[in-house]
Structures are given as C-alpha cells and as structure tokens.
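This report refers to the structure that appears directly beneath it.
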Amino acid sequence: MYKFKNSIGLIFQRGLHKEVIKKIKEKKSSKNLALEYFDFFYGSTYGKEWHSMRLAMLTGKKYMALVNNFSNFIETGAYFEKNATIDVLKFLQKYHDKQNSHLNQNFPKNLNIFSFDSGDCRDFSKPKLNFDGLFNYYCMDGASLLPVFALDIKKEDTILDLCSSPGGKTLAILQTLLPKNVICRDISQGRLDRLTRMLKSYIPENELIKKINAPSLGSNEENFDRVLVDVPCTNDRHSLHIDVNNIFSKARSEERATIQKKQTELLTQAILSCKLNGTIVYSTCSLSPIQNEGVVNTVLNFFEAESKFYLKIEPLDYLKNYFDYFFTFSNAYLYV
Ligand SMILES: C[S@@+](CC[C@H](N)C(=O)[O-])C[C@H]1O[C@@H](n2cnc3c(N)ncnc32)[C@H](O)[C@@H]1O
1 MYKFKNSIGL IFQRGLHKEV IKKIKEKKSS KNLALEYFDF FYGSTYGKEW
51 HSMRLAMLTG KKYMALVNNF SNFIETGAYF EKNATIDVLK FLQKYHDKQN
101 SHLNQNFPKN LNIFSFDSGD CRDFSKPKLN FDGLFNYYCM DGASLLPVFA
151 LDIKKEDTIL DLCSSPGGKT LAILQTLLPK NVICRDISQG RLDRLTRMLK
201 SYIPENELIK KINAPSLGSN EENFDRVLVD VPCTNDRHSL HIDVNNIFSK
251 ARSEERATIQ KKQTELLTQA ILSCKLNGTI VYSTCSLSPI QNEGVVNTVL
301 NFFEAESKFY LKIEPLDYLK NYFDYFFTFS NAYLYV
C-alpha cells in the first residue's frame, strides 16, 4: 500500500518534472525575445538586407584600440606597428588618395587609432599600465568612434556629453587634445563614478581637472559648441548577446515602451544646450527607425513649429565613404 502510494507519487512527480522542463524550454530568454522581435520588425523594415545585418549583429564587434595620448604614446604606437595592426587614420588617408576619393575632411590629427584588418574581429589584449600608472590604450567598438568624428571638434571647443557613461566616447573626445573642456552628464551617479575612475586611469589628474571641470561655463546651459547625445536605446547587439539586465526582459518592458519618449526629451535638451552655429550629434546603438529617424524628425518638427531657430541636418556621407574599408554601411538609412 505504502509502496503503491509512493510509486503513484513518483509517477506524479515525474509527470510534473516533465511539465516544468517543458515550461522552462518554452520560456524564452531575453536574448531570444530580442532576436524574435528584431526578426519580425527589422525583417519587415529592411527586407533582404536584414539577413546580412542579422549576421553582423550575431557575430563579434569590430574592435579598435585608442592610443592614450597622455602617456608614453610613442611607445604604444610603435608596439601596434610591430604587431601587424593598422594605423587607421593614416591607412584610410592613403587608401582614399590611391582611389582618388578626394576626401578633404579634416579628422582630428591626434587621434591614434589602431585596428586589425578589415573583417578581422579579434579582440586586443588587455591594455598595460605605463610607468606613470596610466593605461597605454583603450579598446572599444570601432563603430563607437563614428559619433566622435561626426562632432567635428575644433580647437578650444566646449563640449557637453549628455549621456556620457561608461565613457568610451568621452575618452575619445579628450584624446583628440582639442576641446577646451568637456561636461559629462548621466542620470546614474554610479555610472558617472565609474566613468570618473576610467578617465583617471587614462588621464593625469591635473589635466583631467582642467578639461572636465569647467568653471568658465558656470551654470549657463546654452553655451556649448558641440553636444553629444548618445541616448539609452534598445542596445541591439548587446541585447542579442547578454541576458543580464537585458532591455527585452519582462522587468524592463515599461522602460522599453517609453524609450522613444526619453530619447526625444534628451535630444530636445541637447538642442537647447547648444550654441548658435554649434553641432549636435544624436546617436544610438539601435537599427530601429523609430529610435533614429523617428526621434530626429519628431524633434525637428517640434522646433520648426516653434520656429525659435533653424536646425539643419548635416549629411554624414563623408564618414560612410571614409570608413567603408572597415565597416559596411546600410543604404537603408536616411542619416548614417
Ligand atoms: C548608450 S549609454 C551612453 C554610452 C556613452 N556615451 C559611452 O560612449 O560610453 C546611455 C547612457 O545614458 C544614461 N541616461 C539614461 N537616461 C538619462 C537621462 N535622462 N539623462 C542623462 N543620461 C541618461 C544611462 O545611464 C547610460 O549611461
């Protein structure tokens, strides 16, 4: 009797176990939900092009190494040249000269960027500490450098980096050696602390104080020559690779639903913080036309209706042409 009861229990438990496994199998990870969403949404938006875009998103990033100009940079440059890496800006200049592409754009001369060859998506080894306690280079997704080029920074520019953490772009801006100062903002103090720690490991403290604190700007919020607004977004590639804190998780569904509104507010704020004749760069890590063109058009229409001032969209074709050795750009895009 007892045995019988037990075996019924066992059968019941086995049945339950199968049910649970089935449910676990059915429960999709946030990464899978992201892929399903992208397949549906980008599949219909980009048509055939989505197949290669999808492949690119599911493979590794194209890393590039940014030499630290504040610490023993000659030795770091020599190290990269010895290790079969390409000095990106010098290489592209020669490549386009050969093709008579006549690219007259002045890129920041001091940015020392190295990369493995086109299509080689290896990661760099970890940066090393130099004798002065600063790291020799910073490794980043090469595509993240494009918004910094788009800023077209000139000497003594004042720059607002409105969504700055974790700070790859801030560091690249500072490595141009051009700005007078850079104001870093972020909604999260924890992330700003992380940014400060990162900058301190690349830039001597006295230099950092001069560049990052801007007493001359005071509280005037409309004074910046350049404003970078690298907004929070669906972070598409990241969402396909990492489940932790994924924006496609149930816990973040509300945030995802309101992301376009947040982006619109941030771009509006960026425009209001920029000087007359200044430059604003709006960037996302998303392929979504809603988060890109959608936000830009909403804000442009708003300012046009208000007719407070005139906003002109600058074509960025020169960036596409210049970097097309290392990256493949989609033609489906209105802006870049
Ligand atoms: C895509 S990340 C920025 C990446 C950064 N520019 C870089 O290159 O490392 C977006 C950042 O925006 C911040 N953020 C979100 N809402 C914000 C707001 N209302 N104002 C300022 N920053 C915000 C997030 O905390 C996050 O650090």
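Position 109 of the sequence shown, counted from 1, bears residue number 109 in UniProt numbering, the numbering being contiguous throughout.
Positions of the beta carbon are idealized from the N, C-alpha and C atoms, including for glycine.
DSSP places Gly-278 in the strand class (E or B) of the three-state scheme. Distances from the alpha-carbon of Phe-323 to those of Gly-294, Ser-239, Lys-94 put Lys-94 closest.
Distance from the CA of Ser-188 to the CA of Val-299, rounded to the nearest whole angstrom, comes to 24 Å. In the DSSP annotation of this structure, Thr-234 is not part of any beta strand (DSSP E), being labelled neither H nor E. Between the segment 193–203 and the segment 238–253, the count of Cβ pairs shorter than 8 Å is below three; the stretches do not touch. Distance from the C-beta of Gly-142 to the nearest heavy atom of ligand 1 is not below 7 Å. Lys-128 and Phe-114 have their alpha carbons spaced roughly 16 Å apart.
In the structure shown, Arg-54 falls within a helical segment according to DSSP collapsed to helix, strand and coil.
Contiguous alpha helix (DSSP H) elements confined to the segment 68–150 occur at 73–82, 88–98, 146–150, taking only those with 4 or more residues. The C-alpha of Asn-235 is placed about 21 Å away from the C-alpha of Thr-268. Sequence-distant Cβ neighbours of Ile-280 in its own chain, meaning closer than 7 Å and more than five residues away, are Val-227, Val-229, Ala-270, Ile-271, Cys-274. Contact annotation: Phe-70 and Glu-254 have beta-carbon atoms that are not nearer than 8 Å. Counting only the Cα atoms, Tyr-42 lies some 15 Å from Gly-294.
Taking a contact to require three or more Cβ pairs closer than 8 Å, the segment 254–266 and the segment 145–156 do not qualify as touching. When Gln-175, Gln-105, Ala-78 are compared, the shortest CA-CA separation from Asp-317 is found for Gln-105. In this structure, Asp-161 and Arg-185 form a Cβ contact; the two beta carbons are roughly 7 Å apart against a cut-off of 8 Å. A direct Cα-to-Cα measurement between Pro-108 and Leu-151 gives close to 10 Å.
Distance check between Asn-223 and each of Phe-135, Asn-297, Lys-180 places Lys-180 closest, using alpha-carbon atoms only. By a beta-carbon distance limit of 8 Å, Pro-232 does not contact Arg-194. Their separation comes to about 15 Å. Distances from the CB of Asp-186 to the heavy atoms of ligand 1 include at least one below 7 Å. By the neighbour-count criterion, in which 16 or more other beta carbons inside 10 Å mark a residue as buried, Cys-163 falls on the buried side. For ligand 1, no non-hydrogen atom lies closer than 7 Å to the CB of Val-244.
Taking the Cβ atoms as the reference, Cys-121 lies roughly 5 Å from Lys-62, within the contact range of under 8 Å.
For the segment 244–325, the continuous beta strand (DSSP E) assignments of 3+ residues that do not extend past its boundaries occur at 274–283, in sequence order. Put simply, of Ser-52, Gly-190, Gln-99, Ile-173 the residue whose alpha carbon is nearest the alpha carbon of Asn-68 is Ile-173. Look at Asp-230: its beta carbon is less than 7 Å from one of the heavy atoms in ligand 1. Annotation: the continuous alpha helix (DSSP H) that includes Thr-45 extends over 30–46. DSSP places Ile-183 in the uninterrupted beta strand (DSSP E) bounded by 181–184.
Asp-39 is the residue among Lys-28, Asp-39, Lys-27, Ser-29 whose C-alpha sits nearest the C-alpha of Ser-288. In the displayed model, Ala-65 falls within a strand according to three-state DSSP. Per the coordinates, the alpha-carbon of Glu-265 lies some 42 Å from the alpha-carbon of Phe-80.
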